[in-house]
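Numbering (our numbering), first residue to last: 7 to 474.
Backbone N, C-alpha and C fix where the C-beta goes; we use that ideal spot for every residue, glycine too.
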């Protein structure tokens, strides 16, 4: 190695022509910060010896392709720079078994003058923990610091800290670490996150990504709605109560999105909606499948099985499969519509109206659902008079959305047949340009409007939309 270094130094000191000097300096500067491979050193030493022997003789211009290949070889054989090690205990100790021991180690790791507030261990091992701390003289509500602490020794070690400032998230009241999560990125590097909840109702999921060079402070994307977070297979699930017009017929369930941390940033890789199952059960059932993909496939299978059973005349089996489908996704319009039609065909019009109302509330532009609900309302009034509880439930469902609330507002009375006329008119307006394809259905809607007027002679004349 000494002779090679001497030859290279000789190359630097000799005066050579401009082209040869530029080539030698380029080779010198292209050396990566790491260990050199012997074959690469031999190639450079041989090139330096030839240059020294030539002295002031005319130097050959190196082939740019060869220079590029040599530079590429140097870069590939260079050892990757050593990451800065995380602060770790000089002398490891047994895990802290009690909350008192954990707090003592965390307090010892904090800067002098800082008082420890909340402390939340991360994961089952409990070696790392999140701490909320602030200077002792600081008044409550003037800000605070989120710290990541290694509890692996008696004194602990401060890994990283983030001061939110006086106007930051931690200012203005007590803050709770509701949960902690340990994830990994695509390269297996750890990601520690804390689910923070402030006394003002603000929420944030923040922590540190232990990147290759240093801990980096990161926060998960937030939404304006109140949500909960869960960790699953190195992914973060953001869940919230679904905003769906299914009450009081059914609970709307849970919607959410699945996020992964890759290449230093968050990515939304999946989503699901109106899930009626417990999240743990759904995740176990999905296995390694994306949760949204599993949900959609399961819904499709239940819907197909229900239709097949209905075609065989097994109405009870079909209804059971449809209810199973609603457990998986309470926002599937077709499941609600088919459920209502089968209930009506089975002679249970009072049980058919509420699910058909949900189908219309979910999709006010759904042509088939509009006709189905209007037909069911006409039959409900004929068999149940004022409609009873089914009519009250349908009104409550339709009132939960602005567009379907307008259907009730345009009805001439509070009778089911009055709303049915509005729905028939809505169907005619939506299908105005589809006369060649829906001519029979449009004629049927007009006939139903005239029949309902014959029963309710005091009602106003149909609107211009119906006359079309």
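With respect to the 8 Å criterion, residue 283 and residue 333 are classified as neighbours on the basis of their beta carbons. Residue 431 counts as buried, since no fewer than 16 other beta carbons sit within 10 angstroms of its beta carbon. The C-beta distance from residue 165 to residue 124 rounds to 17 Å, too long to fall under 8 Å, and the pair is not in contact. Short of 7 Å from the beta carbon of residue 109, and not among the five residues preceding or following it, lie these beta carbons of its own chain, in chain order: 122, 125.
Check the Cα spacing between residue 381 and each of 341, 279, 422: the tightest is with 422.
For residue 344, the enclosing alpha helix (DSSP H) covers residues 339-351. The beta carbon of residue 356 is closer than 7 Å to those of 386, 390, 394, 396 in its chain, skipping five residues each way along the sequence. Each of 336, 189, 268, 363 was checked against the Cα of residue 346, and the nearest Cα belongs to 363. The DSSP-derived three-state label of residue 100 is coil. The bridge partners DSSP lists for residue 190 are 196. By the Cβ rule, the stretch 365-377 does not count as touching the stretch 262-280, because fewer than three pairs are nearer than 8 Å.
Our two residues, residue 138 and residue 253, have alpha carbons roughly 40 Å apart in a direct line. Boundaries of the beta strand (DSSP E) harbouring residue 243: 241-247, taken from the DSSP string. Around the C-beta of residue 213, 16 or more other C-beta atoms lie within 10 Å, and the residue is accordingly described as buried. Between the alpha carbons of residue 388 and residue 324 lies a gap of roughly 27 Å. Around the beta carbon of residue 218, fewer than 16 other beta carbons lie within 10 angstroms, which makes this residue exposed. Distance from the CA atom of residue 196 to the CA atom of residue 215, rounded to whole angstroms, is 6 Å. Beta-bridge pairing by DSSP links residue 225 to 212.
A residue is called buried when at least 16 other Cβ atoms come within 10 angstroms of its Cβ; residue 453 does not meet this threshold and is exposed.
In the structure shown, the three-state DSSP call for residue 121 is strand. With contact defined as three or more Cβ pairs closer than 8 Å, the stretch 194-210 and the stretch 274-282 are not in contact.
Within the same chain, 248, 250, 279, 280, 368 come within 7 Å of residue 337 by CB-CB distance, once the 5 residues on both sides are set aside. Excluding residues up to 5 positions away in sequence, 205 lie with their Cβ nearer than 7 Å to the Cβ of residue 180 in the same chain. Comparing alpha carbon positions, the residue from 192, 167, 229, 341 closest to residue 220 is 167. Relative to the Cα of residue 261, the nearest Cα in the group 274, 245, 255 belongs to 245.
The bridge partners DSSP lists for residue 296 come to none. Look at the stretch 399-430 and you find these whole runs of alpha helix (DSSP H), each 4 residues long or longer: 408-416.
Going by beta carbons, residue 236 and residue 285 fall inside the 8 Å limit. Between the alpha carbons of residue 227 and residue 287 lies a distance of about 26 Å. Shown here, residue 272 sits in a strand according to DSSP, grouped into three states.
DSSP places residue 106 in the helix class (H, G or I) of the three-state scheme.
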